[in-house]
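Reading through the structure tokens given below for one structure.
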Amino acid sequence: MTNFSHRRVKTGSDPRRLADYAALRNELAKLSHPARPDVNWQSVEKRCDALFEQNGVELQSAAWYTLARTHLAGLSGLNEGLSLLETLITHQWDALWPQPVAVRMEILCSLSQRMQQLLRTFSPSDSDYSALNLAEQQLTRLISALQRRELTPLSPLNALLSLIHHSAVRLEKSNSAAAPVVENDPEVVLTSTGISAAPSPETTRSANEVKWIYLVPPEPQLATNPQIPPPAAATLWQPFALGMLAMLVLGSVALWSWSLFQRPDPLQTPLASSLSALPSVLSPMQLETLRQQGPLSDALFTATQQQLTRLSQLPPDWATDYSRQLVKQAQLLWPEKSRQLTQQWQQQVNAAALPADTMNGWHQGMTELQTLADKLNALDEKRGRYLTVSELKSAVFSMMTHFRQTIPVEEQLRLIRQLPDDSPARQQQIEQAGQHLRAQAYALMKEKEKETTAASF
56 MTNFSHRRVK TGSDPRRLAD YAALRNELAK LSHPARPDVN WQSVEKRCDA LFEQNGVELQ
116 SAAWYTLART HLAGLSGLNE GLSLLETLIT HQWDALWPQP VAVRMEILCS LSQRMQQLLR
176 TFSPSDSDYS ALNLAEQQLT RLISALQRRE LTPLSPLNAL LSLIHHSAVR LEKSNSAAAP
236 VVENDPEVVL TSTGISAAPS PETTRSANEV KWIYLVPPEP QLATNPQIPP PAAATLWQPF
296 ALGMLAMLVL GSVALWSWSL FQRPDPLQTP LASSLSALPS VLSPMQLETL RQQGPLSDAL
356 FTATQQQLTR LSQLPPDWAT DYSRQLVKQA QLLWPEKSRQ LTQQWQQQVN AAALPADTMN
416 GWHQGMTELQ TLADKLNALD EKRGRYLTVS ELKSAVFSMM THFRQTIPVE EQLRLIRQLP
476 DDSPARQQQI EQAGQHLRAQ AYALMKEKEK ETTAASF
């Protein structure tokens with residue numbers, strides 16, 4: 056009779072920092088070595104046991120353990136490993152290491168391919184029929200658990216299942232007259248502490264081998280016979296009333312404290328009002344809906360008249376002046392944060408203004424035109440004097456250049472009127488002309504402020 060020492064093991068974390076894991080990885084790397092050196096499967100099993108004890112069970116060490124047990128104990132070792140893998144995948148998939156699903160599937164597919172190569176070297180006998188059926192059942196449940204999670208690829212696992220199934224069918228046909236075999240799952244005991252994944256009875260181990268008890272988090276259980284509390288005594292209403300009264304007092308105090316701390320600052324309201332969005336008119340669809348609802352009150356019509364009056368009284372540079380006041384407000388309230396805001400606003404104002412060299416173009420052109428007119432008038436008084444065609448062309452070219460640099464507002468408006476009403480260029484030129492006028496008005500206001508400040512000193 057096999058004498059196992061029982062040790063409990065839990066779900067493991069990342070084992071790559073442990074020396075046993077590095078030794079296992081180096082040992083099993085021999086499987087893909089071109090020279091195919093022999094793998095020390097006893098050492099692999101021993102180090103897997105050490106990993107289970109130190110770190111717990113994770114998918115990679117469980118796969119290596121399954122491969123080692125199959126090499127050492129044949130089909131009974133395969134059933135031990137499959138039982139452990141099925142328990143891990145069914146109960147601890149979300150917490151299993153490694154976390155990437157693709158890496159997990161690569162581990163399982165690589166294990167199935169190794170197992171196919173190994174099982175093809177076996178020559179099962181009649182006594183192995185029960186172990187083959189047990190392996191087929193466990194592998195079927197494992198594949199079903201993966202299919203429920205819609206994981207792929209499963210073809211290597213299905214190929215391993217097909218190999219085990221056909222081996223069992225061949226044994227069944229060759230031994231059809233044999234006594235029926237009772238198929239039992241390996242000893243997997245569900246207790247309040249975990250699931251026991253123990254080897255099958257056929258496992259041939261030494262008397263001091265380890266029997267691992269794999270732990271999964273216990274699920275909460277409902278009480279089967281809940282005790283019904285005795286009916287409350289009639290005098291229990293007094294503590295209840297006192298508790299409700301205390302709760303009412305505490306709630307009132309808490310509500311008063313909350314309202315005290317949440318009371319808005321009197322200056323916060325006007326500050327928020329200065330930053331509110333400007334009103335916009337209704338859309339055509341909204342206007343049509345209101346019109347169909349019937350006549351509106353006369354108070355709204357009066358308010359419309361008042362709003363028009365207020366708009367007509369706004370100065371042309373109202374938007375620029377309002378933005379300037381907001382910038383000053385931000386500079387006082389947030390000195391450090393407002394530096395970048397001020398720079399951006401100043402850049403916008405400078406971009407909207409006309410360049411300084413174009414401001415005097417019209418005036419210079421008119422001055423040169425007046426100079427040319429004076430020269431022409433002087434020729435009438437001094438006989439024998441005249442202007443050459445070259446001098447006249449040069450004067451006219453210079454004047455035309457200055458006139459083109461600065462187009463008067465009236466000329467701009469005339470050119471805008473010639474554009475179609477729905478033309479994007481028309482709207483763009485209107486906005487550009489308005490920006491230029493507002494920027495120049497702001498510049499004049501700043502000059503006036505400087506003159507007033509200088510006069511006060």
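Its first residue numbered 56, the sequence shown is counted upward by one per residue in my numbering. Glycine residues also receive a C-beta, built at the ideal position from the N, C-alpha and C atoms. Given the structure is predicted, the values throughout are model-derived calculations rather than measurements.
Helix, strand or coil at residue i according to DSSP, with G and I counted as helix
| i | result |
| --- | --- |
| T461 | coil |
| T176 | coil |
| V112 | strand |
| G67 | coil |
| G420 | helix |
| S165 | helix |
| S338 | coil |
| N188 | helix |
| S210 | helix |
| L333 | coil |
| Y76 | helix |
| G132 | helix |
| Y497 | helix |
| Y120 | helix |
| S307 | helix |
| A105 | helix |
| T344 | helix |
| S367 | helix |
| G249 | Residue placement at G249 is poorly supported in this model, since its pLDDT is 37, which falls under 50; the coordinates still yield a value, given next. Three-state result, G249: coil. |
| T443 | coil |
| N405 | helix |
| G489 | helix |
| S478 | coil |
CA nearest to the CA of residue i, picked from the options
| i | options | result |
| --- | --- | --- |
| A78 | V99, E391, I471 | V99 |
| L159 | L143, G489, W313 | In the sequence as displayed, the identity of residue 159 is Arg instead of Leu. Per the Cα distances, L143. |
| S122 | P325, E108, V404, L139 | Inspection of the sequence shows that residue 122 is occupied by Leu rather than by Ser. Cα-wise, what sits closest to L122 is L139. |
| L514 | T207, H126, H146, L130 | Nothing about residue 514 can be reported from this structure: the residues present for the chain run from 56 to 512 only. |
| L381 | R169, A327, R72 | A327 |
| H418 | R459, Q403, L197, R169 | R459 |
| E108 | Q115, K65, L83 | K65 |
| S217 | K505, N230, R175, K228 | R175 |
| E423 | Q399, A450, V444 | A450 |
| P334 | T359, L130, E343 | T359 |
| R379 | R91, K501, K85, S68 | K501 |
| F452 | L427, I471, Q473, D476 | L427 |
| R469 | P479, K503, Q403, A488 | A488 |
| H221 | S307, G306, S178 | S178 |
Exposure of residue i, with buried meaning 16 or more beta-carbon neighbours within 10 Å
| i | result |
| --- | --- |
| V112 | buried |
| I391 | Rather than Ile, the amino acid found at residue 391 in this sequence is Glu. Under this definition E391 is an exposed residue. |
| Q276 | Here the model assigns Q276 a pLDDT of 49, short of 50, so the residue's position is not dependable and the matter cannot be decided. |
| A332 | exposed |
| Y377 | exposed |
| S87 | exposed |
| L189 | buried |
| T125 | buried |
| M170 | buried |
| E506 | exposed |
| W119 | buried |
| D104 | buried |
| H146 | buried |
| N213 | exposed |
| L194 | buried |
Beta-carbon proximity list for residue i, same chain, < 7 Å, skipping 5 on both sides
| i | result |
| --- | --- |
| R102 | D75, A78, L79 |
| V156 | L206 |
| W152 | G67, S68, D69, E113, L114 |
| N95 | E82 |
| P211 | C164, S167, Q168 |
Chain-order list of residues whose beta-carbon lies under 8 Å from that of residue i (same chain, five-residue window excluded)
| i | result |
| --- | --- |
| K430 | L442 |
| L434 | R440, Y441, L442 |
| E227 | Y184 |
| R71 | A77 |
| L474 | A480, R481, Q484 |
Check: residue i C-beta below 7 Å from any heavy atom of the ligand ATP
| i | result |
| --- | --- |
| D181 | In terms of ligand content, the structure shown is empty, and the ligand ATP therefore cannot be addressed. |
Any C-beta of chain C under 8 Å from that of residue i
| i | result |
| --- | --- |
| Y76 | Protein chains in the displayed structure number just one, and chain C is not present. |
Contact set for residue i: own chain, Cβ-Cβ below 6 Å, skip 5 residues either direction
| i | result |
| --- | --- |
| L330 | none |
| S312 | none |
Segment contact flag, the stretch 449 to 468 with the stretch 354 to 374, C-beta cutoff 8 Å, min 3 pairs
no
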